[in-house]
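> Okay, handing you the structure first.
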Amino acid sequence: MTWIDRIALFSTLDGAALALLVIIWLGIGWRIELSYARHLSTSQIMAGYRREWMRQMITRQPRIFDAQVVASLRQGTAFFASTSVIAIGGTLAVIGNADRVTAVANDLTLMDTPAFVWEIKLVVLVLFLSNAFLKFVWANRLFGYAAVVMAAVPNDVSDSLCEPRAMQAAEVNVAAARSFNRGLRSVYFGLTCAAWLAGPVPLIIATLFTLGVIWRREFASKSRDILLGTQT
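Now the structure itself:
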């Protein structure tokens with residue numbers, strides 16, 4: 003069987019559902035990180051708080067609290083990175099037993115689908131998880147960079163390097179958080195991709211549901227109102 007024959011095993015609706023998943027994944031990420039938008043996302047609002055955190059750190063003595071916060075953030079990224087690796091390993095193990103998985107999946111869906119189709123669907127899931135892993139690892143490293151730059155902020159408040167160094171630490175911190183959030187979105191849409199195992203229509207429904215969940219958390223949540231100071 004040639005590659006063309008194998009691709010023909012997927013319907014047009016399968017291609018449309020996968021394209022919708024990728025477009026929404028990239029589109030919602032772009033909208034969340036659009037810093038000059040009138041309706042800021044929770045992530046953008048938090049970026050402002052991160053910059054303010056670094057300004058307040060200049061006069062905080064000692065700076066143990068700040069170090070503890072960065073350490074906590076690094077632990078979070080390390081946890082998600084290790085979880086992604088476990089998920090990738092588990093999915094690859096399932097792909098390695100494609101024949102057994104195909105038999106079970108065909109029983110559940112009542113369809114005679116070739117193993118290649120299930121393998122491709124699981125490979126897409128692995129790609130999302132791999133992207134998440136890389137984002138979490140980079141976020142962990144950036145938080146480490148931020149900690150070093152924070153340590154380079156002079157203790158003397160009158161030193162002219164204080165604020166520039168603090169702002170450098172802030173921007174590295176913001177970049178780390180951005181990478182971490184991208185990793186989380188990859189996990190969200192990776193889980194969404196699992197719905198493709200049940201067919202293209204479930205994938206479309208799951209994609210739209212995931213979009214709604216992310217949109218609410220970033221643009222219509224109570225925590226966002228609190229951060230903006232509009233909570234009554």
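Using the working numbering, the first residue of the sequence shown is number 3, and each one after it goes up by one.
Glycine included, every Cβ here is placed at the ideal spot set by N, Cα and C.
1. In or out: Asp227 buried (at least 16 other Cβ within 10 Å) or exposed?
2. Could you tell me whether the stretch 115-125 touches the stretch 32-52, where touching means 3 or more Cβ pairs closer than 8 Å?
3. Under 7 Å between the Cβ atoms of Ala134 and Gly91?
4. Going by DSSP, what residue range makes up the alpha helix (DSSP H) through Trp32?
5. Buried or exposed: Thr239, going by 16 or more other Cβ atoms within 10 Å of its Cβ?
6. The alpha helix (DSSP H) with Val159 in it runs from where to where?
7. Compute the distance between the beta-carbons of Ala19 and Leu213, then report whether it is under 7 Å.
8. Measuring CB atoms only, is the stretch 190-205 touching the stretch 68-82, in the sense that at least three cross pairs come out at less than 8 Å?
9. Does DSSP put Tyr38 in a helix, in a strand, or in coil?
10. Taking buried to mean at least 16 other C-beta atoms within 10 Å of its own C-beta, is Val189 buried or exposed?
11. Rounded to the nearest angstrom, how far is the Cβ of Ala83 from that of Asn175, given a contact under 8 Å?
12. Are the Cβ atoms of Leu42 and Thr93 separated by less than 7 Å?
13. Which value, in whole angstroms, describes the spacing of the CA atoms of Leu230 and Ala222?
14. For Ala73, count neighbouring C-beta atoms within 10 Å of its own C-beta (all shown protein chains included) and say buried if the count is 16 or more, exposed if not.
15. Can you tell me which of the three DSSP states Pro166 falls into?
16. Grab the span of the alpha helix (DSSP H) containing Leu11 for me, first residue to last.
17. Could you tell me the alpha carbon to alpha carbon distance between Leu136 and Thr14, rounded to whole angstroms?
18. Taking the alpha carbon of Asp16 as the reference point, which residue from Ala197, Arg218, Ile216, Met59 has its own alpha carbon closest?
With the structure as the only source:
1. Around the C-beta of Asp227, fewer than 16 other C-beta atoms lie within 10 Å, and the residue is accordingly described as exposed.
2. Under the 8 Å Cβ criterion, the stretch 115-125 does not count as touching the stretch 32-52, having fewer than three qualifying pairs.
3. No, the Cβ-Cβ distance between Ala134 and Gly91 is not below 7 Å.
4. Unbroken alpha helix (DSSP H) run through Trp32: 14-34.
5. The requested residue 239 is not part of the displayed model; the chain covers only 3 to 234.
6. Where Val159 is concerned, there is no enclosing alpha helix (DSSP H), because DSSP gives it neither an H nor an E.
7. No. Outside cutoff.
8. Touching, no.
9. In this structure, Tyr38 counts as coil in the three-state DSSP scheme.
10. The residue is buried, with at least 16 neighbouring Cβ atoms inside 10 Å.
11. With a Cβ gap of about 18 Å, Ala83 and Asn175 do not count as contacting.
12. No, Cβ-Cβ distance for Leu42 and Thr93 is not below 7 Å.
13. Approximately 12 Å between the Cα atoms of the pair.
14. Label assigned to Ala73: exposed.
15. Assigned with DSSP and collapsed to three states, Pro166 falls in helix.
16. Where Leu11 is concerned, there is no enclosing alpha helix (DSSP H), given that its DSSP letter is neither H nor E.
17. Computed Cα separation, rounded: 31 Å.
18. Checking every option, the nearest Cα to that of Asp16 belongs to Ala197.
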